[in-house]
Amino acid sequence: MYRKILIANRGEIACRIARTLRRMGIAAATVHSSADAQALHVREIGESVWIGDAPARQSYLQIEAVIAAARQVGADAIHPGFGFLSENAAFARRCGEEGLAFIGPSPEVLALFGDKSQAKQLAQSLGIVTAGGLAQPSDDIPTLVQALSTLPRPCILKAVAGGGGKGMRVVQAGDDVEAAIASAIREGLSAFGDGRLIAERYLRAPRHIEVQILGDGQGEVMHLWDRECSLQRRFQKVVEEAPVSAIDPDLRARLQAQAIALGQAVKYLGLGTVEFAVSGDEAVFLEVNPRLQVEHTVTEAITGLDLVELQIRTVHDRALALTPAQRPTPQGVAVQMRLYAEDASPGFLPATGRIGLWSMPSGVRVDAGVDQSDEITPHYDPMMAKLIAHGPDRAAALDTARQALAQTRVLGVAHNRDFLRALLAHARVQANEVHTEFVDEWLKAHPPKPLAASAVAALMGVWLVRTRAQNAHASSAGGAWQDERLTGWRLRRSAIPPPCAWLVRHSSGQWQVGFAAGHDGTLAVRGDDAVFDVGVSTRAGALQGPHGVTVQGQTWRVDMDVHGHALSADFEGQSVALDLLPLVAQGLGGADGTRDKMRAPMMGMIIGVHVQAGEMVEAGQRLATLESMKMEMPVTAPMAGRVTWVGCAERDKVERHQDLFRIEAVTP
């Protein structure tokens, strides 16, 4: 067996692989970029080698740097995890040249399955139905434009080395084809170091079903059951389950047989996942992921197997670590939920920030890549953790999953917990009547509700209490408060922090909030011309909470974290992020919150500026393109008018809410 394995990855998967290595008695080491010097995987594994600057192309995608790190720590094998170099044939080849075992398939198989067009050709030769389309991948825009002209709309572009929804674009009739191609190429380069694309027919509203396979590299291949991955948002899986619950037994057997046939055809080694789009009894081959899958956890939950151990032993011994006769029958149902750092309200933009509170639920498996006080940066995938619930049947598993989400508390960075709770509570999810477009259709039909002014008043009341508690921590007994618990607090004028008015921004709107010093501690929410009586109760020293806050006779629980001007709260089970900007102390006038300023929606890098000062623009027109966490996001004009100021340039690094453009409305 291997003596020492270098884990060439980061985040939760690096931590998860390390746990198996410890149990197997194999020494572990890892790598890190400049941004990850204090990351959880570095702290947990203990031995780590710096391999470059923060951008993945300068660190985690640097083949020679990873090889050198393996040599430095004395590893005899490398586990690539998923993403980054896990499907890179050149990397696997270099490992072999250096005498390092690559925990995965051979370079030749990686090259075949890493190239989606070659994988489709192999599937077709075996009589497996595919989606057709462009025969050869390309990163030449004119070639791809020509290819798309031969396909019916909608069609889809896919990064040939891609996965996880990155480098994918659906092209509808009337879309700007060249812009879609250029964007997908850039995203593929950023995420995988390969900008080549394929184009194929887009399948509307299928289910996404995949089969887990294990091969010995000699031609023996077995399946380890299947998974349902239909709950996706913009091609990114958000909830997965195993086994597939609503499937005809004959179709299940056919998919398993096709997956095994693909593996046998190439003498597959290690773990792999064969993905299909299914509609009724029709199944179309999508791709083979020649690596450990993000959602391998649900297969582990229903089988009791450690897939990472199976992968390592099979690759090392060139023999199946488990025979088909030893394959466990699935026990119950498992559901995995991906907890992302992202802000749902403005379109699920990746979020950054420092984690002020990290409290995970009991009773479920949690694979996390971060912990309290860690910083979420814009450089990598925004997944923070995976929560895996298991039950005797699907209904029980979903119920456990919802309870786990209700117990999850994360402050300091926006996240998708509330979205996951609402999704799992949906009647169609409960009834298993879903497809790959269900989530996007649901979100379009039910946009997030705006934050109520009363909620803003409640949160600002808690903020004021904890701010004064911090400022008066060393003051004499009583301070600004009538009692230590602050129950039914009454505010003295001395407790109003200067300035006495604040601009409060939320993704759904903004308010001007002033604190009145009346006898009953009122808050004036001037943006809505309303005044709310706010009562707050808390424990001395419990700055994060829980706090009790009463507004208009209704009492809520609030947990809160404040970092600079960023306020993050768990408000009666609802996650809320606010930005607090001080206004002039003389009053509420002069607030700079008008629509004429376009601000960066999040931290990232400007990769394109598309307008100049003096140019006329239409509402919704793209002004710039921002890249963050390997994804591209447009900055668009909120109204028609003339660009009067441009405050950014290509390659600029920008902060969240940084001013980028100003537009002057022009009356027709």
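Going by my numbering, the residue at position 502 of the sequence shown is 491; the numbering climbs one at a time, nothing skipped.
We treat Cβ as the ideally placed atom computed from N, Cα and C, and that holds for glycine.
1. Mark GLY345 as exposed unless 16 or more other C-beta atoms lie within 10 angstroms of its C-beta, in which case mark it buried.
2. Could you check the C-alpha separation between GLU53 and VAL451 for me, to the nearest Å?
3. How would you label GLY579, buried or exposed, when you count the other beta carbons within 10 angstroms and need 16 or more for buried?
4. Output yes or no for whether 9 angstroms exceeds the beta carbon distance between ALA613 and TRP634.
5. Alpha carbon to alpha carbon, how far is ILE92 from GLN300? Give it in angstroms, no decimals.
6. Comparing alpha-carbon positions, which option in ILE187, LEU338, ALA112 and PHE650 lies nearest PHE265?
7. What's the call for ARG307, buried or exposed, on a 16-neighbour Cβ count within 10 Å?
8. Please name the residue, chosen from LYS438, LEU400, VAL402 and THR425, that lies closest to ALA411 on a Cα-to-Cα basis.
9. For MET549 and MET349, what's the separation of their Cα atoms in angstroms?
10. By how many angstroms is the C-alpha of ARG455 removed from the C-alpha of ARG193?
11. LEU448 and ARG316 look like a contact to me (Cβ under 8 angstroms); what is the Cβ gap, rounded to whole Å?
12. Consult DSSP for GLN471 and reduce its assignment to one of helix, strand or coil.
13. Taking GLU76 and ARG327 to be in contact with their CB atoms under 8 angstroms, please state how far apart those CB atoms are, rounded to whole angstroms.
14. So is VAL655 buried or exposed if we call it buried at 16+ other beta carbons inside 10 Å?
15. Leaving aside the five residues before and after LYS642 along the sequence, list all residues of the same chain whose C-beta is less than 6 angstroms from its C-beta, in chain order.
16. Who are the Cβ neighbours of LYS(-7) in its own chain at under 8 angstroms, not counting the five residues just before and after it?
17. Applying the criterion that 16 or more other CB atoms from any shown protein chain within 10 Å of the CB defines a buried residue, is PRO69 buried or exposed?
18. Residues in its own chain within less than 6 angstroms of ALA43 by CB, not counting five upstream and five downstream?
19. Taking all protein chains shown into account, decide if PRO381 is buried (16 or more other Cβ within 10 angstroms of its Cβ) or exposed.
20. On the three-pair Cβ rule with 8 angstroms, is the segment 218 to 227 touching the segment 400 to 420?
21. Do the segment 417 to 432 and the segment 496 to 504 make contact, defined as three or more Cβ pairs closer than 8 angstroms?
22. Where DSSP assigns a beta bridge to GLU364, which residues make up the other side?
23. Using three-state DSSP, classify CYS637 as helix, strand or coil.
24. Please classify GLU217 as buried or exposed, where buried requires at least 16 other C-beta atoms within 10 Å of its C-beta.
25. In angstroms, rounded to a whole number, what distance separates the CA positions of ALA254 and ARG82?
26. Could you tell me the alpha carbon to alpha carbon distance between ALA469 and ARG457, rounded to whole angstroms?
27. To which residues of the same chain is GLN647 closer than 7 angstroms at the C-beta, ignoring the five residues directly before and after it?
28. Sort VAL547, HIS404, HIS424 and VAL523 by Cα distance to ASP332 and report the nearest one.
29. Going by CA-CA distance only, name the one from ILE198, GLU176, GLN245 and ALA231 that's closest to VAL210.
30. Could you tell me the distance, in whole angstroms, from the CA atom of GLY116 to the CA atom of PHE560?
31. Does the segment 256 to 272 come into contact with the segment 233 to 241, if we say contact requires no fewer than three beta-carbon pairs (one atom in each stretch) closer than 8 angstroms?
32. Within 8 angstroms, do at least three Cβ pairs link the segment 197 to 206 to the segment 176 to 189?
33. Can you tell me whether VAL55 is helix, strand or coil according to DSSP?
34. Looking only at its own chain, which residues have a Cβ that is under 7 angstroms from the Cβ of LEU453, when we skip the five neighbours before and after it?
35. How far does the alpha helix (DSSP H) with GLY103 in it reach, from first residue to last?
36. Is the Cβ-Cβ distance between ILE2 and VAL283 less than 9 angstroms?
In this structure, then:
1. buried
2. Distance between the alpha carbons of GLU53 and VAL451: 52 angstroms.
3. Only weak support exists for where GLY579 lies, its pLDDT of 33 falling under 50; the coordinates are left without a value.
4. no
5. Approximately 7 angstroms between the Cα atoms of the pair.
6. ALA112
7. exposed
8. LYS438
9. 16 angstroms
10. Separation of ARG193 and ARG455 (C-alpha to C-alpha, rounded to the nearest whole angstrom) is 51 angstroms.
11. Their Cβ separation, rounded to whole angstroms, is 52 angstroms, which puts LEU448 and ARG316 out of contact at 8 angstroms.
12. Low local confidence applies: a pLDDT of 32 at GLN471 is under 50, so the model's placement there is unreliable, and no value is given.
13. Contact doesn't hold; Cβ gap of about 20 angstroms is too wide.
14. exposed
15. Sequence-distant Cβ neighbours of LYS642 in its own chain, meaning closer than 6 angstroms and more than five residues away, are MET594.
16. Same-chain partners within the cutoff: ILE15, ALA16, ALA17, ALA18, VAL62, GLY63, ALA64, ASP65 and ALA66.
17. buried
18. Residues of the same chain with a CB within less than 6 angstroms of the CB of ALA43, apart from the 5 flanking positions on each side, are SER22, SER23, ALA24 and HIS368 in chain order.
19. exposed
20. yes
21. no
22. ARG343
23. coil
24. buried
25. Cα-Cα distance, rounded: 21 angstroms.
26. Per-residue confidence for ALA469 stands at a pLDDT of 37, beneath the threshold of 50, marking its modelled position as unreliable; the derived number appears in the next sentence. Cα-Cα distance, rounded: 8 angstroms.
27. ARG588 and ALA589
28. HIS404
29. GLN245
30. 54 angstroms
31. yes
32. no
33. helix
34. PHE504
35. 96 to 103
36. yes
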